[in-house]
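In what follows, a structure is listed as structure tokens, so that the remarks can point back to it.
In my numbering, the protein residues as written are 23 to 162.
Structural data, given as structure tokens:
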């Protein structure tokens, strides 16, 4: 009987991920990354610049100003979940008051590429979607 190493088990499990199956953990990940605030935060961080022009680094207050309509509670919860998933890092600099910045990780940047396209598609096709909604609702 052959012994399976932990790395081999992880590779086998990864090969078996299938988001169409209810038990697959990727379903929960898809649920998280399809959230509107996640999409907008990743897009903002991927496109943003801090005061010294460093790409992809933003302070909490800059994110709050960029994301119209997000409550402080929702922004904080979403940033924490993205940090937990390894999509961004939080850096607290000991100043008075403490300066906190957020930056995408390599994993977050890879997702940003996809999300940016989704945001662009939504902005480009919004007029068509609204016209289709109106036509559909008119037939009801």
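Ideal placement from N, C-alpha and C gives every residue a C-beta, glycine not left out. The structure displayed is predicted, hence computed values, not measured ones.
Each residue's CA atom was taken as its position, placing residue 29 and residue 103 some 26 Å apart. Fully contained in the segment 94-144 are the following beta strand (DSSP E) runs of length 3 or more, in chain order: 110-115, 121-126.
Secondary structure note for residue 60: its alpha helix (DSSP H) is the uninterrupted segment 58-69. Judged by their CB atoms, residue 96 and residue 124 are not nearer to each other than the 7 Å cut-off. For residue 86, the uninterrupted alpha helix (DSSP H) segment begins and ends at 82-88. Between residue 88 and residue 66, the CB-CB gap stays under 7 Å. Selection 82, 45, 133, 146 evaluated against residue 119 yields 82 as nearest (Cα-Cα). In the DSSP secondary-structure assignment, residue 79 is bridged to 125.
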